[in-house]
Amino acid sequence: MESIALAARIRNHQPGHALAREFYTDPGIFEHDMQYMLLGHWFCAGHVSSIPRAGDFLVVDMGSESVIIVRTAAGEVRALLNVCRHRGSRLVTGRSGKAQSARLTCPYHAWSYDLDGNLMAARQMPDSFRRADMALKPLAVRIMEGLIFTTFAREPLDLGGAAAALALSAGVHGWATAKVAHRELYSIKANWKLAVENYMECYHCTPAHPEFARRHVYARPAEQAADQEREGRTRAAALGIVVPDIDQYGCAAGAGRESVAVMRSALHDGMASATDDGRTVARLMGVFSASDGNSTYFDIGPISDFLAYPDHGVIYRFIPRAADHTEMEVLWLVHQDAVEGVDYDVGRLTWLWKTTSAEDKKIVEMNQAGVNSRFFVPGPYSLQETYAARFVDWYLEELAAAI
Ligand code: FES
Ligand SMILES: [Fe+2]
């Protein structure tokens, strides 16, 4: 789509309403999304516990881009573009793996790189060839509370506020000393913005997520939940747990810093964790000596969302693939010393968010199917969709500033 046409579409947006159909369907706009929003922000690539040893790697994708997150020989975490410096082949495929002999070797003509991305071997190249010029392209990478963040941006957004907010949320919940206990990948036939908007609002929670709604006060409108939220804060204070709400969500375009939000919300009375029976499912994490019956939601950038309970955590990674395709990776965290079958049962641990994620996939795909109609007219957001509305404003602002 031409920039002029896109600028007109942005101007035509009705404030407080969902986006027009094209924003959820047009491959040209998806390329703008990539160029002007997604590639410019930080996103979570996973948790350090997934790559404990030298040579362990994760592959994280976005659109047509792909990054290798690898543990180096020195024990550091690097992010390297998954594009060979010879003729551009992907170096590794799949979601994760281990580099053989501490080398990333291209499957095409066998150029071979060390774990820092330096080219170590390339056969039959002319004398003028300089290996030193052919290192894999590095991306910025930052570990915060055990979470790996990377970005394609040449001048990455400032993470100072995000780091401080994560220390007060993921840090309090002990995520730096957690491990991934389970992973699920959901392939969603929908535009990434529909998936993110859905995640950012709980207007749908009562009708679409009965299991979630029976455990989380957050499913209720704020005025109906006030008493229970107050009780939740009292329980936290009694245990000396301090997790402040932070709202730097959807920073103004050009602000130069990454978006971050932290929000606490109570579980229903008597619930120690968001489980089938309300009891904790694994050993307590972080500063928690007992459950305070609350949940902590936090978000960094546009596509990385997190949820922490006193005994486990959940990472939501939205992975835009194409205009009509998004993947959603869900990672469950427990204390790094928790032993499966002794301290936790994977079925109990994952029950709620597996159920909820399957429901979300279904409703987001139904949303896309309806939005695909040429007769779709964007409707107004409710009072319980404030964050979805703010996400849309933020998105349009970033696009408008860039085109
Ligand atoms: S493309 Fe990688 S070695 Fe040729
Ligand atoms: Fe949902």
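Numbering (the numbering used here), first residue to last: 317 to 719.
Glycine included, C-beta positions come from ideal geometry on N, C-alpha and C.
Which residues in the same chain as residue i place their Cβ atom closer than 6 Å to its Cβ, once the five residues preceding and following it in sequence are excluded?
i: VAL386; result: PHE373, ARG394 and LEU431
i: GLN684; result: ALA506 and LEU510
i: THR522; result: ALA529 and ALA535
i: TYR660; result: VAL597, ALA598, VAL650 and ALA654
i: ALA478; result: GLU574, VAL576 and ILE616
i: HIS525; result: THR672 and GLU675
i: SER698; result: TYR519
i: GLU701; result: GLU517 and TYR519
Can you list, in chain order, the residues of its chain with a C-beta nearer than 7 Å to that of residue i? Leave out the 5 residues immediately preceding and following it.
i: VAL512; result: PRO618, ILE619, PHE634 and PHE707
i: LEU435; result: ARG401, TRP427, TYR429, ARG447, MET450 and ALA451
i: PRO454; result: ARG394, ALA395, LEU396 and GLY433
i: GLY609; result: GLY548, ARG551, ALA582, LEU583, MET587 and ALA588
i: GLY413; result: PHE373
i: GLY332; result: PRO696, TYR697 and ALA705
i: CYS567; result: ARG573 and SER575
Hey, how far is the Cα of residue i from the Cα of residue j?
i: ASP541; j: TRP669; result: The identity of residue 541 in the sequence shown is Ala, whereas the question assumes Asp. So the alpha carbons of these two residues sit roughly 22 Å apart.
i: VAL399; j: ARG546; result: 51 Å
i: ALA426; j: LYS495; result: 34 Å
i: VAL484; j: PRO560; result: Residue 484 is actually Leu in this sequence, not Val. Looking at the two C-alpha atoms, the distance is approximately 7 Å.
i: LEU355; j: SER605; result: 40 Å
i: GLU675; j: TYR429; result: 43 Å
i: VAL662; j: GLU656; result: 7 Å
i: ARG664; j: ASP592; result: 7 Å
i: GLN564; j: PHE445; result: 48 Å
i: PRO423; j: SER405; result: 8 Å
i: GLY379; j: LEU647; result: 21 Å
i: THR612; j: PHE692; result: 35 Å
i: GLY362; j: HIS628; result: 16 Å
i: TRP710; j: ALA418; result: 42 Å
i: LYS678; j: VAL558; result: 36 Å
i: SER689; j: GLU714; result: 26 Å
i: ASP342; j: HIS641; result: 12 Å
i: GLY594; j: ALA624; result: 15 Å
Is there at least one non-hydrogen atom of ligand 2 closer than 7 Å to the beta-carbon of residue i?
i: ASN514; result: yes
i: ASP621; result: no
i: CYS422; result: no
i: CYS521; result: yes
i: THR672; result: yes
i: ASP676; result: yes
i: ALA725; result: Residue 725 lies beyond the residue range present for the chain, which begins at 317 and ends at 719; the question has no answer from this structure.
With distance defined between alpha-carbon atoms, name the residue in the options nearest to residue i.
i: VAL375; options: GLY410, ALA456 and ILE345; result: GLY410
i: ALA321; options: HIS333, ALA569 and ILE345; result: ILE345
i: ALA717; options: TYR352, HIS525 and ASP659; result: TYR352
i: PHE614; options: ARG637, HIS329, GLY695 and TYR703; result: TYR703
i: TYR515; options: LEU647, GLY686 and PHE622; result: PHE622
i: GLN330; options: ILE719, GLY695, LEU699 and GLU714; result: GLY695
i: VAL390; options: GLU381, SER382, ALA370 and SER611; result: Note that residue 390 is Ala in the sequence shown here, rather than Val. For ALA390, the nearest C-alpha among the options comes from ALA370.
i: GLU347; options: GLU381, HIS363 and HIS333; result: GLU381
i: TYR340; options: ALA639, LYS678, ASP627 and SER607; result: ALA639
i: TRP746; options: ASP474, HIS498, ILE504 and ALA705; result: No statement about residue 746 is possible, as the shown extent of the chain runs from 317 to 719 and does not include it.
i: GLU500; options: VAL630, ASN688 and PRO343; result: VAL630
i: VAL383; options: SER365, SER417 and PHE359; result: PHE359
i: MET350; options: MET682, ARG637, GLN700 and GLU645; result: ARG637
i: GLY476; options: GLN544, VAL408, ALA571 and ALA553; result: ALA571
Please confirm whether any heavy atom of ligand 1 lies closer than 7 Å to the CB of residue i.
i: ALA415; result: no
i: HIS425; result: yes
i: ARG403; result: yes
i: CYS400; result: yes
Give every residue of the same chain whose Cβ lies closer than 8 Å to the Cβ of residue i, excluding the five residues on either side of it in the sequence, and list them in chain order.
i: ALA336; result: ARG325, ASN328, HIS329 and PRO694
i: LEU555; result: PHE604, SER605, ALA606 and ASP608
i: TYR632; result: TYR515, SER620, ASP621, PHE622, LEU623, MET644, GLU645 and VAL646
| request: Spell out a yes or no on whether the stretch 436-444 and the stretch 520-533 are touching, meaning 3 or more CB-CB pairs, one atom from each, closer than 8 Å. | output: Result no; under three Cβ-Cβ pairs closer than 8 Å.
| query | Looking at C-beta atoms only, is the number of pairs between the stretch 594-603 and the stretch 647-665 that lie closer than 8 Å three or more? | reply | Segments in contact, yes.
| field | the stretch 485-494 touching the stretch 451-462, judged by at least three CB pairs closer than 8 Å | value | Here the stretch 485-494 lies against the stretch 451-462, with 3 or more beta-carbon pairs under 8 Å apart.
| request: Indicate whether the contact test is met: 3 or more Cβ pairs, each with one atom in the stretch 468-478 and one in the stretch 583-590, closer than 8 Å. | output: Flag = no, the stretch 468-478 and the stretch 583-590 do not touch.
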